[in-house]
Ligand SMILES: [Zn+2]
């Protein structure tokens, strides 16, 4: 039961100000469950945390979005009149007080592994999380997201894709552990959580492939973040075939995309 949708928690000593968001998309519940579990016992030694249940009407209804995608509304000069634009402006006013953001999401692919989205300025922090894949360059590829808003203001913005939407309860612990590792990085909690020592794959998102027309077909069987061989046929249509180049990875293959929607994103694997 959410009684307040933005909660401010202060430590006794001065320190960084950070935000933790959940429920920007209302059906991505791992972060919401994690924050509900954590909230009664949060104890920080220094600084300030703003915890936000970002999109209460969508969380309440259990849907991704009510009118429009809240995670495309975070940009300076947003003067939109929809409830999501108005809410984004409230949340941007919080983010403007913060040094860093951790935003907790989930995805549709039932077999997918958790991953991190951030830019190069947050790689040091992202490496301390027990999540094996880090994907960068989304500020450019999909503007208007919370993490990109922070990056454009020269701050740390990190989005965690905690796991499949259908398995929220099982992936609540991914959210909880990452929150602890995030707060520990900033020295805001006493609890010792081990930073990750596992190697990471870093995949830079580069371009969006749209379903151009009814003849467009994405080749079956792709998995999220799968490495493609040079020359792999990604998709075909009457007008254009999409062929992978050396080093390409496929991100978010979306087999049910409608004409005009994103069918997948192409990225390349880069050294950490
Ligand atoms: Zn999301």
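Numbering (the numbering used here), first residue to last: -7 to 264.
Every residue, glycine too, gets a C-beta built ideally from N, C-alpha and C.
Query, Result
"CB of residue 16 to nearest heavy atom of ligand 1: below 7 Å?", "yes"
"Roughly how many angstroms lie between the CA atoms of residue 130 and residue 13, to the nearest whole one?", "18 Å"
"Would the beta-carbon of residue 84 fall within 8 Å of that of residue 155?", "no"
"Would you check whether ligand 1 has a heavy atom nearer than 7 Å to the C-beta of residue 97?", "yes"
"Could you pull the start and end residues of the alpha helix (DSSP H) that residue 21 belongs to?", "Here residue 21 belongs to no alpha helix (DSSP H), and DSSP marks it neither H nor E."
"Can you tell me whether residue 216 is buried or exposed, with buried defined as 16 or more other CB within 10 angstroms of its CB?", "buried"
"CA-CA distance, residue 168 and residue 41?", "15 Å"
"Relative to ligand 1, is the shortest distance from any of its heavy atoms to the C-beta of residue 59 smaller than 7 Å?", "no"
"Determine the burial state of residue 186: buried for a count of at least 16 other Cβ atoms within 10 Å of its Cβ, exposed for fewer.", "exposed"
"Under the criterion of a Cβ to heavy atom distance below 7 Å, does residue 20 qualify as lining ligand 1?", "yes"
"Closer than 7 Å to a non-hydrogen atom of ligand 1 - does that hold for the CB of residue 216?", "no"
"From the beta carbon of residue 67, is the nearest beta carbon of chain B less than 8 Å away?", "You won't find chain B in this structure, because it holds only one protein chain."
"By a C-beta neighbour count over all protein chains shown, 10 Å radius and 16 as the cutoff for buried, is residue 221 buried or exposed?", "exposed"
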